[in-house]
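In our numbering, the protein residues as written are 194 to 349.
Down below is the structure, laid out as structure tokens.
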């Protein structure tokens, strides 16, 4: 099933990817009441990380921003996996972005903007959210970025 949200993705030249399989003992997304919580989404593309390393060292902030965008797209795929329809998103409530950072890198908010801007472009006002952008030492598989989202759904 696809609707207005997926049409907007297509208009932006994007397609919803397959859900990234879990790396451990968890689900990609879980619904509780009218909320869907995603697991942290890595910037996997066709089952692989396109880039690894620390932002501000091996990975440029611009590359990392693009990777955060990919994480958000993967998060939307995870949401669809439990709702069946992205048009049920009433709003994105919260985004948490983790950035594997070189010790002197302080541009985490600009990196996580990749995810926030994608959600805004795809969902409009429904994509406006609260957010945290956190610098960390290392992420799974040496990923530069990881993003999780929480969305509120309309009634089915």
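Every residue, glycine too, gets a C-beta built ideally from N, C-alpha and C.
Smallest Cα separation from residue i: which of the options?
i, options, result
"residue 215", "242, 232 and 227", "232"
"residue 326", "319, 221, 207 and 294", "294"
"residue 345", "200, 226 and 196", "226"
"residue 279", "321, 315, 324 and 338", "315"
"residue 246", "204, 287 and 257", "257"
"residue 275", "289, 206, 212 and 201", "212"
"residue 202", "222, 300, 290 and 262", "262"
"residue 249", "287, 334, 303 and 228", "303"
"residue 335", "311, 341, 241 and 267", "241"
"residue 289", "271, 228 and 323", "323"
"residue 259", "270, 281, 218 and 235", "235"
"residue 196", "229, 282, 321 and 307", "282"
"residue 269", "254, 252 and 223", "223"
"residue 243", "300, 219, 337 and 328", "337"
Under DSSP, the alpha helix (DSSP H) around residue i begins and ends at which residues?
i, result
"residue 345", "Residue 345 -> not in any alpha helix (DSSP H); beta strand (DSSP E) instead, spanning 338-346."
Please state the DSSP three-state secondary structure of residue i.
i, result
"residue 261", "helix"
"residue 212", "coil"
"residue 194", "Because residue 194 carries a pLDDT of 46, less than 50, the predicted location of this residue cannot be relied on, and no value is offered for it."
"residue 335", "helix"
Can you pull the DSSP bridge partners for residue i?
i, result
"residue 248", "252 and 294"
"residue 230", "223 and 343"
Looking at the secondary structure, which residues open and close the beta strand (DSSP E) in which residue i lies?
i, result
"residue 198", "That residue, residue 198, is in no beta strand (DSSP E); its alpha helix (DSSP H) goes 197-204."
Runs of alpha helix (DSSP H) lying entirely within the segment 265-333, each at least 4 residues, in chain order: 301-316
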